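Take a look at the structure set out below.
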Amino acid sequence: MNEDYDRFANGCVATEEGDEVTTDHTLSGGLIHSSQFDHPLEQDGAIDTTACSGIHSSSPYVVGTTISAVKHLPPAPFGLRYATEYPDVDDNWEGLSQTALCTLRAPLGGNTVSDEKTKLTITAIIRTGVDQGAQLVVVNHTLVAKIYDPLYYEHINQYNYKEHVVVNADGDYSCEAATYGWIQGSPAAKRLTPSFHGTWVADIETCVHGGDKECHIHLRKVPLILIELVNGHVMSEVNPSELPAETRSRVLKKAIEAEAVLFKAGVQHDDYHPRNIIITNLHNLCASGSADGPDVKVIDFNVATVFRHPQSIRRNLRLVDQLYKTWHHKLLSPIRRWHGHLMDFSVAGWCSNEDGDAEQWLWEQFHDDEKFIPVIWDPTTPNDIPRHMQTPSELVHKRTDSVLRNDVSLEQEGCSDMTVNSTDHTQIASVTY
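Its first residue numbered 0, the sequence shown is counted upward by one per residue in numbering that gives the first Met the number 0.
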């Protein structure tokens with residue numbers, strides 16, 4: 000969800016063909032997709048799963064289509080950062096066409112809640128089409144549906160190997176559903192993400208043209224999530240050079256703070272990039288200095304990890320938990336977490352990309368912010384890696400050491416008659432935080 004989000008979030012309604020679609024695509028039983036990117040069927044209806052694939056001729060995800068969906072309780076998240084077993088796959092799956100994989104797939108894991116249903120009418124397109132991964136559409140004018148349809152995932156990767164699109168799509172769904180579900184338990188994290196409206200499964204009818212040229216309907220169950228449609232601008236689509244320097248810093252600081260809050264809530268995003276951050280109230284601030292903005296919302300959690308999930312391989316966070324406990328649940332400092340890792344933001348112009356400047360920016364923004372655990376770092380040696388202070392007593396010792404060093408410095412300059420107030424934090428902040 001990136002630059003495409005920016006187009007529709009600011010009033011630009013797009014369809015796949017670029018034209019407004021007003022036809023009612025409501026269908027009994029699901030959506031019909033007529034495709035040539037399919038396995039042909041033999042005359043007796045058997046599937047020839049070895050047939051070569053072609054190109055999708057149309058998409059079911061167009062403006063005006065109404066999708067019937069049923070509430071779904073997703074399976075446990077699986078992927079590289081979870082110990083959950085992957086779904087079983089056929090040994091010969093690489094010999095199947097993409098549509099064969101999608102129509103002959105094993106049942107989707109999890110459970111449906113059959114008495115909870117909804118109808119979703121597509122009112123705008125964000126991102127749809129072949130090889131685009133999850134299909135993103137606006138439904139009922141106020142929600143975004145992220146539809147994990149494997150028929151639109153990349154089947155041949157950049158190394159010319161086949162991808163198991165069903166496993167990839169189900170993995171994205173399971174991880175994103177787990178993350179949004181977990182975030183609901185943290186009020187602070189909820190404020191930084193679109194409101195979550197649950198996990199669902201829709202019946203998608205796929206028209207497969209067989210050897211007899213007739214359309215053979217296959218019903219596919221496709222999972223989706225519903226989230227709030229956020230009114231704002233994707234950070235990657237904003238030109239920071241057109242913003243005042245103070246506004247650029249405020250936006251970037253908000254984005255970096257949001258990551259710290261999500262991590263405190265138990266979520267590692269793993270793709271934290273300007274394309275996955277939406278800025279709200281940006282123009283209000285630029286136009287009038289409004290105190291209401293800017294703010295940010297973080298999106299796109301399909302590769303995120305809930306590291307406190309029972310199946311997470313990152314559950315052993317003893318040192319991190321000790322820091323949180325010792326510092327009364329302050330946030331981990333961005334000075335430490337983002338040291339040497341701001342390139343995606345600095346290259347885009349949100350802060351200077353000169354050597355060491357991003358680290359200096361982190362220091363200026365966060366070293367005296369009481370929300371964060373203090374760190375030890377010397378700005379005069381920017382390549383040195385900062386470290387969190389382990390205990391408040393270390394902070395006291397550092398403050399004392401800094402006062403003594405100031406005393407020595409003053410004496411060496413012939414200013415021994417001057418005194419330094421050990422309680423004046425403005426004198427020592429640059430050393431202790």
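Virtual Cβ for every residue (Gly too), placed ideally from N, Cα, C. The structure presented is a predicted model; accordingly, all values stated were derived computationally and were not measured.
Using a C-beta cut-off of 8 Å, the stretch 179-196 makes no contact with the stretch 314-324, since fewer than three inter-stretch Cβ pairs fall below that distance. DSSP, reduced to helix, strand and coil, places Pro222 within a strand of the structure shown. The alpha-carbon separation between Val237 and Val61 amounts to approximately 27 Å.
Taking C-beta atoms under 8 Å as the contact rule, Ala177 and Pro76 qualify, at a distance of about 4 Å. In the structure shown, Asn275 falls within a helical segment according to DSSP collapsed to helix, strand and coil. CA-CA distance, Asp356 to Arg219, rounds to 52 Å.
Distance check between Asp367 and each of Ile334, His340, Val233, Phe344 places Ile334 closest, using alpha-carbon atoms only. Between Pro73 and the set Pro239, Gly109, Asp171, the nearest pair of CA atoms involves Gly109. Of the candidates Gln131, Asp171, Ile146, Gln131 places its Cα closest to the Cα of Ile155. Around the beta-carbon of Ala303, 16 or more other beta-carbon atoms lie within 10 Å, marking it buried.
Check the Cα spacing between Phe365 and each of Lys253, Glu353, Leu322: the tightest is with Lys253. Judged by pairs of C-beta atoms under 8 Å, the stretch 295-311 touches the stretch 262-281, as three or more such pairs exist. If the five residues before and after Lys329 are omitted, its C-beta is found closer than 7 Å to the C-beta atoms of Lys370, Phe371, Ile372, all from its own chain and listed in chain order.
Secondary structure of Cys206 (DSSP, three-state): strand. Beyond the five residues adjoining it in sequence on each side, Arg247 comes within less than 6 Å, by CB distance, of Pro239, Trp349 in the same chain, given in chain order. Under the three-state reduction of DSSP output, Ile216 falls in the strand class.
Judged by DSSP in its simplified three-state form, Thr192 adopts coil rather than helix or strand.
Lys145: member of the beta strand (DSSP E) spanning 142-146, first to last residue. C-alpha of Ser235 to C-alpha of Gly63: approximately 29 Å in a straight line. Around the beta carbon of Glu358, 16 or more other beta carbons sit within 10 angstroms, so the residue counts as buried. At the C-beta level, Val200 and Val69 come within 8 Å of one another. Its Cα nearest to that of Ile124, the residue Ser58 stands out among Val250, Thr279, Ile255, Ser58. Residue Tyr172 holds the alpha-carbon nearest to the alpha-carbon of Pro149 among Ile66, Tyr271, Tyr172, Thr279. Residue pairing by DSSP puts Trp199 in a beta bridge opposite Lys70, Leu223. Judged by their CB atoms, Tyr147 and Val221 are nearer to each other than the 8 Å cut-off.
Contiguous alpha helix (DSSP H) elements confined to the stretch 57-121 occur at 97-102, taking only those with 4 or more residues.
Counting only residues of its own chain and dropping the five nearest sequence neighbours on each side, Leu251 has a CB closer than 7 Å to the CB of Phe344, Trp349, Cys350. Sequence-distant Cβ neighbours of Pro391 in its own chain, meaning closer than 7 Å and more than five residues away, do not exist here.
Put simply, the backbone Cα of Asp89 is about 43 Å away from that of Ile255.
Taking all protein chains shown into account, Ala188 has 16 or more neighbouring C-beta atoms within 10 Å of its C-beta and is therefore buried. In the three-state reduction of the DSSP assignment, Ser332 falls in the coil class, being assigned neither a helical nor a strand state.
Here Lys296 is bridged, per DSSP, to Ile277. Here DSSP, grouped into helix, strand and coil, assigns Leu341 to coil.
Within the same chain, Val69, Lys70 come within 8 Å of Glu115 by CB-CB distance, once the 5 residues on both sides are set aside. The continuous stretches of beta strand (DSSP E) do not include Leu150, and DSSP gives it neither H nor E.
Under DSSP, Ser311 shares a beta bridge with Tyr81.
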